[in-house]
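A quick write-up on the structure given underneath.
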Amino acid sequence: MRRLNLALAMLSAGIGLASPAFAYRPFDGTDGDVADVGEFELEMGPAHFLSSPEGRYIVAPATVLNLGVARGLELVVDFKDFVGLQSVAGQPRMRLLDTDIFLKGILRRGTLQGESGVSIALEAGPLLPELGGTRGLGAQANLITSYRWEALSLHLNTSAALTRDHQLDGFVSLILEGPHDWAVRPVGEIYADHEFGNDTTYSALAGAIWQVRDGLALDAAVRYAAQPGNNDVEVRFGLTWGVALWHHEETHK
Numbered sequence: 003m004r005r006l007n008l009a010l011a012m013l014s015a016g017i018g019l020a021s022p023a024f025a026y027r028p029f030d031g032t033d034g035d036v037a038d039v040g041e042f043e044l045e046m047g048p049a050h051f052l053s054s055p056e057g058r059y060i061v062a063p064a065t066v067l068n069l070g071v072a073r074g075l076e077l078v079v080d081f082k083d084f085v086g087l088q089s090v091a092g093q094p095r096m097r098l099l100d101t102d103i104f105l106k107g108i109l110r111r112g113t114l115q116g117e118s119g120v121s122i123a124l125e126a127g128p129l130l131p132e133l134g135g136t137r138g139l140g141a142q143a144n145l146i147t148s149y150r151w152e153a154l155s156l157h158l159n160t161s162a163a164l165t166r167d168h169q170l171d172g173f174v175s176l177i178l179e180g181p182h183d184w185a186v187r188p189v190g191e192i193y194a195d196h197e198f199g200n201d202t203t204y205s206a207l208a209g210a211i212w213q214v215r216d217g218l219a220l221d222a223a224v225r226y227a228a229q230p231g232n233n234d235v236e237v238r239f240g241l242t243w244g245v246a247l248w249h250h251e252e253t254h255k
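Throughout, the working numbering is defined as the position within the sequence shown, counted from one, plus 2.
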């Protein structure tokens, strides 16, 4: 049991440091689009199941809140709630990790906005002190390039961060999606994440997104991550729900 407690503590700390904080379920990266003005989106994973060399765990909900605040600009709030299955000496039972606030803006309108060419967006902001985790401040910026064909969508993420421990971190991700007009579309992602001074993590994800209706999507995916001496398997289930809080009429000159 002591080994399980220690593993849970290490797992929570490790995920809090290593997981990129971008918003597009069920991926670790994101796409080159933002919420419409006045639209609120909730992205939530009710439970993630993770198997690692130390054991098997249930990771508490991961939550992302998005709000379209202006044309081509959204506010993003991220946090993950970790609840220990057993008490850990020196660790609170509940921990709020991966806390951050970002602004995400469209730099170039493209196929994701119904226009021609690539869609380019920038998401950046502070990494806030965690409750029960790392107390320091950090910062992160991610450049996203997306393109949508009839049968395939691609999203390239290139991110740089100064972690809460003041270490440099680099992240590169490529997301692939099947036909966007399918009710259930297959999806996948590969990424590499390197915190300078530590080993590089390589990950692959495969799953599907079910567009139930406008404003509601369900997702499921399996992710495998590898680094020297540590391989993880994670099963993800979640939803994305959107609602218009206010209506905005664009004026064209």
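We treat Cβ as the ideally placed atom computed from N, Cα and C, and that holds for glycine. Predicted model, so just to flag it, every value in this text is computed and none were measured.
Of the residues the options, the one placed nearest residue i, counting alpha carbons only
i: I103; options: G74, L139 and S121; result: L139
i: A210; options: E152, H249 and P188; result: P188
i: D100; options: L67, D80 and R215; result: D80
i: D167; options: A37, E132 and E45; result: E132
i: T160; options: A143, L154, A153 and E152; result: A143
i: P181; options: L114, V71 and N200; result: L114
i: A162; options: A72, A126, G135 and R238; result: A126
i: N232; options: M96, T202 and D216; result: T202
i: V224; options: E236, T165 and D216; result: E236
i: Y204; options: E152, D234 and W151; result: D234
i: A64; options: E251, L164 and L44; result: L44
i: G199; options: L178, G172 and V36; result: G172
i: D183; options: M96, W151, P128 and S121; result: W151
i: T165; options: A153, T136, F42 and L154; result: T136
i: M96; options: G134, L158 and L156; result: G134
i: S121; options: W248, A141, G190 and V36; result: V36
Contact check, residue i vs residue j, beta carbons under 7 Å
i: W243; j: L220; result: no
i: E117; j: R111; result: yes
i: I146; j: G34; result: yes
i: A246; j: G40; result: yes
i: G107; j: L130; result: no
i: Q229; j: E197; result: no
i: I192; j: A206; result: yes
i: L98; j: D83; result: yes
Nearest-angstrom beta carbon gap, residue j and residue i [assumed within contact, 8 Å]
i: D30; j: S175; result: 6 Å
i: Q213; j: A185; result: 6 Å
i: L105; j: L77; result: 6 Å
i: R238; j: A227; result: Their Cβ separation, rounded to whole angstroms, is 12 Å, which puts R238 and A227 out of contact at 8 Å.
i: G47; j: R73; result: Not really, about 29 Å apart at Cβ, beyond 8 Å.
Residue(s) in a DSSP beta bridge with residue i
i: R187; result: I211
i: V174; result: T160 and A194
i: L99; result: K82
i: T65; result: M46 and F81
Query raised in the report: Could you give the uninterrupted runs of the beta strand (DSSP E) lying entirely in the stretch 196 to 231, keeping only those of 3 residues or more?
Result: 202 to 215 and 218 to 229
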